[in-house]
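Numbering (the numbering used here), first residue to last: 1003 to 1320. Glycine included, C-beta positions come from ideal geometry on N, C-alpha and C. From a predicted model like this one, the values you see are computed outputs, not experimental measurements.
And the structure:
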């Protein structure tokens, strides 16, 4: 069905249509749309690939009024978050950042000092994580009420051990999360979080091929757990009592707030309870659905099961 301008469309419905349509058969595309990042190799047709020519590629946006509120957040904080959002996707696939590119459309009333404050913060965040800012583009809104929009493209290198997709969980796997959940937007965590790059590298080194799937929590625990099983016949059951809630927040916020930028992963066998100073908590498990129509994600709380597959954030047109 074609979308008209009058149709109300949602983020995940659009992504689903893109991923279910005709995708490229180019041999250089190893992982295409739908995962945290794409994986490509640069070798030309007919050339052999040693693996060293493989690259992870992804892009994320930051929009004033959606991802930040510039009436309450500094330009330095906004710039840092814009870069770290993209770097968090590299962590989700256990990769290593290589470089970033940034494009932005800034409000018409901005002066040079405001623009440089934003880009200096982006450059600083990129340098901090060894992903130097190597290019980009800048435009200025013509309309007086135009809001800041940033787009950050990240280039990464896959680990020598391998790439971790979000889709390869297996029945019997445990579901684990790093850090704490909930209240990120109402506190400052969504502004000052550190992408879990070091932790994802440690996980892959420790678990190897027992680390089956991983995603970073941006949309919310419910929705992101659902993403992990959307291409399979698996179901996730999460135990409410096991959720590592951030101080002052409860299960509802842990499940649905989003913007935690913690690693959510599926693994078999023994998993460490910590990675350096970062706690790791088992919060659930994967099983085969009893029926294809069963919910993707269930929350077990006080003996009851509730569907939390849609708990979290989704962009939607009006």
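Burial is judged here by how many other beta carbons sit within 10 angstroms of a residue's own beta carbon; residue 1067 has fewer than 16 and is exposed. Runs of the beta strand (DSSP E) lying entirely within the region 1099–1152 and spanning at least 3 residues, in chain order: 1135–1142.
Close CB contacts of residue 1206 within its chain, under the 8 Å cut and outside five residues either way in sequence, are with 1096, 1161, 1163, 1164, 1166, 1213 (chain order). Separation of the CB atoms of residue 1289 and residue 1239 is rounded to 7 Å, and the pair is thereby assigned contact status at 8 Å. Taking C-beta atoms as the reference points, residue 1109 and residue 1082 fail to come closer than 8 Å.
In the DSSP assignment, residue 1163 forms no beta bridge with any residue.
Residue 1281 is bridged by DSSP to 1276. Setting aside the 5 residues that flank it on each side, residue 1055 is surrounded in the same chain by 1043, 1044, 1045, each with a C-beta closer than 7 Å to its C-beta; the list follows chain order.
When secondary structure is reduced to three states using DSSP, residue 1235 falls in the coil class, being assigned neither helix nor strand.
A straight-line Cα-Cα distance of about 9 Å links residue 1263 and residue 1183. A residue is called buried when at least 16 other Cβ atoms come within 10 angstroms of its Cβ; residue 1292 does not meet this threshold and is exposed.
Buried is the label assigned to residue 1257, since at least 16 other Cβ atoms lie within 10 Å of its Cβ. When secondary structure is reduced to three states using DSSP, residue 1057 falls in the strand class. In terms of Cβ geometry, residue 1313 and residue 1235 do not form a close pair [threshold 8 Å]. The Cβ-Cβ distance between residue 1156 and residue 1092 falls below 8 Å. Contact check for residue 1138 against residue 1103 passes: the beta carbons are separated by less than 8 Å. Our two residues, residue 1037 and residue 1233, have alpha carbons roughly 11 Å apart in a direct line.
Under the rule that a run must span 4 or more residues, the alpha helix (DSSP H) segments found entirely inside the region 1158–1202 read 1191–1194. With a cutoff of 8 Å on beta-carbon distance, residue 1142 and residue 1285 are scored as not near each other. If you ignore the 5 residues before and after residue 1219, its C-beta comes within less than 6 Å of the C-beta of 1226, 1262, 1264, 1266, all in its own chain and listed in chain order. Judged by DSSP in its simplified three-state form, residue 1075 adopts coil rather than helix or strand. Boundaries for residue 1070: no beta strand (DSSP E) harbours it, and the DSSP string shows neither H nor E there.
In the three-state DSSP reduction, residue 1042 falls in the strand class (E or B).
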